[in-house]
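Structure, as structure tokens:
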Amino acid sequence: MKWVVTILSAVLVSSVAVPAIAQSSSAQSLPTGFSQGIEDIEDGDYEDAIAAFDRAITADPSFAPAYVYRGFARTLADPEADAAALEDFNQAIALDRNNALAYFHRGLVYYDQRNFGEATADFEQAIALDENMAPALVYRGILRQSAGDPAGAMADFERAIAAQPDYAEAYLHRGALYAVQENFDAAFADFDRAIDLNPQLAAAYVGRGAALYRQGDRDLARENFDRAIELDAENSDAYYNRGYLLATVGNLRQAQRDFDRAIELDANSAKALLGRAAVQASLGNVNGAIADFSQAIALQPNPEAYIRRAQLRQAIGDSAGAIADYSEAIALEPNSADAYIARANLLAAQGDAIGATQDFTQAISFNPSSAEALTGRANLALAQGDPSSALADLERAIAIDPENADAYFNRGRLRANQGNQAGALADFNLAAELYLQAGRAAEYRQVIQAVTALRQAR
Numbered sequence: 006m007k008w009v010v011t012i013l014s015a016v017l018v019s020s021v022a023v024p025a026i027a028q029s030s031s032a033q034s035l036p037t038g039f040s041q042g043i044e045d046i047e048d049g050d051y052e053d054a055i056a057a058f059d060r061a062i063t064a065d066p067s068f069a070p071a072y073v074y075r076g077f078a079r080t081l082a083d084p085e086a087d088a089a090a091l092e093d094f095n096q097a098i099a100l101d102r103n104n105a106l107a108y109f110h111r112g113l114v115y116y117d118q119r120n121f122g123e124a125t126a127d128f129e130q131a132i133a134l135d136e137n138m139a140p141a142l143v144y145r146g147i148l149r150q151s152a153g154d155p156a157g158a159m160a161d162f163e164r165a166i167a168a169q170p171d172y173a174e175a176y177l178h179r180g181a182l183y184a185v186q187e188n189f190d191a192a193f194a195d196f197d198r199a200i201d202l203n204p205q206l207a208a209a210y211v212g213r214g215a216a217l218y219r220q221g222d223r224d225l226a227r228e229n230f231d232r233a234i235e236l237d238a239e240n241s242d243a244y245y246n247r248g249y250l251l252a253t254v255g256n257l258r259q260a261q262r263d264f265d266r267a268i269e270l271d272a273n274s275a276k277a278l279l280g281r282a283a284v285q286a287s288l289g290n291v292n293g294a295i296a297d298f299s300q301a302i303a304l305q306p307n308p309e310a311y312i313r314r315a316q317l318r319q320a321i322g323d324s325a326g327a328i329a330d331y332s333e334a335i336a337l338e339p340n341s342a343d344a345y346i347a348r349a350n351l352l353a354a355q356g357d358a359i360g361a362t363q364d365f366t367q368a369i370s371f372n373p374s375s376a377e378a379l380t381g382r383a384n385l386a387l388a389q390g391d392p393s394s395a396l397a398d399l400e401r402a403i404a405i406d407p408e409n410a411d412a413y414f415n416r417g418r419l420r421a422n423q424g425n426q427a428g429a430l431a432d433f434n435l436a437a438e439l440y441l442q443a444g445r446a447a448e449y450r451q452v453i454q455a456v457t458a459l460r461q462a463r
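The sequence shown lines up with residues 6 to 463 when you count with the numbering used here.
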């Protein structure tokens, strides 16, 4: 399943929600309703908890923990209630600037809003006030990893484990980082430990399954993804990862159903949209694939996604759209030889020899071993009457890839034009054999026609 493998090369665990920290109140007497609110949260009665904390705040408007817990209860009762929760956390901080829990929970809201700068600042402040606050350390570690600081992330995960050795999520995220670093023994140890501590932690099964997949154990990986879904039927990452696995083994319809479910659960999952786009392309639903690539790009611009959408647009005759996508891919990844080659081929087909030659030259500068770019540039040089440059590129292409049928065919054409019939026939024969082996019937017939014409010209 080339599409999925190319676009989604890393199967990773997304961040999981870290449980709230229970924090004891100060020695002052608790206002009416506060203790009841805590009990309601523990029982899952979040609306009742909000009402109880309302009573506590009415009884003592200066009691900061009541605002913290009411804000927390609001996020549990309605994940979309960010504004009201932020008001509560802000009020708690205004009343008590040393309340680590208030900073932590406000950071969680910012994190969910993808306001990572504010989230980081709040997690930093929470840690400054309580250096052993394991969830704050884990979340800061997640953000550090996302920002390209794996060493800082690892340090935070290890601090969290040292502060709270029974904290399953800390092992989960350290395991995920180990997996990214391909330290699979350490990753499995951490995933296993997370599951030992919390057998209901679905994300740990997702992480372990992803690591197993990367080591080639698809059957056991599938078992872990299935178990994650049994534990949490609304875990978007579990469906995404299982869909990825199913796609790579050719179960495209089942894969699409899993990607559909992942997107239903998380409409902003760019990776699930990319996965579904790949599956739809393989199933022949070009328009559906283009729509999914477009939505994924809107969420998270990705050079590979632009290239894949360009290929689909090219397939349906939208050359302008394809060129625009290749250009976007190059803007995001300026040293992408593949993007330059793809755009060069399209420009050449449109008759823009100068632009195509420039793109092939750029591709060669980034990847001097690209036989495809050398062959493409040689074809253009040959068409523009520059046989010496063409021959030099074709010789290099053949040296790099001795089974490059196109290079042999074009060198044969060049030699024929130069009157070297023996050399031309040798190249044509090699090209014909390679085309035949590859099942490229049209190109094979083209070579046979060239051989016939050459022999008739003797």
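Note that beta-carbon positions come from the ideal geometry of N, C-alpha and C, so glycine has one too.
Query, Result
"Straight-line gap, Leu225 to Tyr218 (C-alpha atoms, nearest Å)", "8 Å"
"Cβ separation of Gln389 and Ala358, assumed to be a contact under 8 Å, to the nearest whole Å", "6 Å"
"Continuous alpha helix (DSSP H) stretch holding Met159: start and end", "Pro155 to Ala168"
"First through last residue of the alpha helix (DSSP H) which encompasses Glu269", "Leu257 to Leu270"
"Whole-number beta carbon distance between Leu182 and Leu206, since they are thought to touch under 8 Å", "No, Leu206 and Leu182 are not in contact; Cβ-Cβ is about 17 Å, not under 8 Å."
"Member of Gln118, Ala437, Arg119 and Thr125 whose CA lies at the smallest distance from the CA of Tyr108", "Thr125"
"Contact under 7 Å by Cβ, Arg79 with Ala89", "yes"
"Element boundaries [alpha helix (DSSP H), containing Ile359]", "Ala358 to Phe371"
"Start-to-end residues for the alpha helix (DSSP H) that takes in Glu309", "Pro308 to Ala320"
"Three-pair Cβ contact test at 8 Å for the segment 276-294 versus the segment 259-267", "yes"
"Nearest residue (CA-CA) to Gln355, options Phe371, Ala376 and Ala327", "Ala327"
"Buried or exposed (CB count within 10 angstroms, at least 16 for buried), Gly49", "exposed"
"With 16 other Cβ atoms within 10 Å as the buried cut-off, status of Ser370", "exposed"
"Rounded Cβ spacing between Ile403 and Ala395 (contact assumed at less than 8 Å)", "Between Ala395 and Ile403 the Cβ distance is about 12 Å, and since that is not below 8 Å, they are no contact."
"C-beta contact flag for Asp45 and Ala54 at 7 Å", "yes"
"Segment limits, alpha helix (DSSP H) that includes Asn292", "Val291 to Leu304"
"Extent of the continuous alpha helix (DSSP H) to which Arg213 belongs", "Ala207 to Arg219"
"Candidates Gly153, Asn137, Arg247 and Gly444: closest to Gln186 by CA position", "Gly153"
"Cβ shell of Ala341 (< 7 Å), same chain only, five flanking positions each side left out", "It should be noted that the sequence gives Ser, not Ala, for residue 341. Taken in chain order, the residues that qualify are Pro308, Ala334 and Ile335."
"Alpha-carbon to alpha-carbon, Gly424 and Arg445", "27 Å"
"Assigned secondary structure, Glu239 (DSSP; H/G/I helix, E/B strand, else coil)", "coil"
"Distance CB(Glu52)-CB(Ala82) smaller than 7 Å", "yes"
"Residues near Arg418 by beta carbon distance below 8 Å, same chain, minus five either side", "Leu387, Ala429 and Ala455"
"Contact set for Arg223: own chain, Cβ-Cβ below 7 Å, skip 5 residues either direction", "Leu250 and Val254"
"Where the alpha helix (DSSP H) through Thr380 begins and ends", "Ala376 to Ala388"
"Cβ shell of Tyr244 (< 6 Å), same chain only, five flanking positions each side left out", "Asp263, Arg266 and Ala267"
"Proximity winner among Glu377, Ala296, Ala376 and Ala184, relative to Gln150 (alpha-carbon distances)", "Ala184"
"Reference Pro407; option with closest CA among Ala397, Pro392, Ala436 and Ala421", "Ala436"
"Reduced DSSP secondary structure (H/G/I, E/B, other) of Ala86", "coil"
"Integer-rounded CB distance, given that Tyr116 should sit under 8 Å from Ala139", "16 Å between Cβ atoms; not a contact."
"Asp242 versus Leu278: straight-line alpha-carbon distance, rounded", "12 Å"
"Run of the alpha helix (DSSP H) containing Gln143, from where it starts to where it stops", "The question names Gln, yet the displayed sequence has Val at residue 143. Per DSSP, Val143 belongs to the alpha helix (DSSP H) from Ala139 to Ser151."
"Ala462, DSSP secondary structure in three states", "coil"
"Range covered by the alpha helix (DSSP H) that runs through Asp391", "No alpha helix (DSSP H) contains Asp391, which DSSP labels as neither H nor E."
"Candidates Glu163, Asn256, Ala208 and Gln451, of which the one nearest Glu235 by Cα", "Ala208"
"For Leu288, the nearest candidate out of Ala168, Ser375, Phe77 and Ala252 (CA to CA)", "Ala252"
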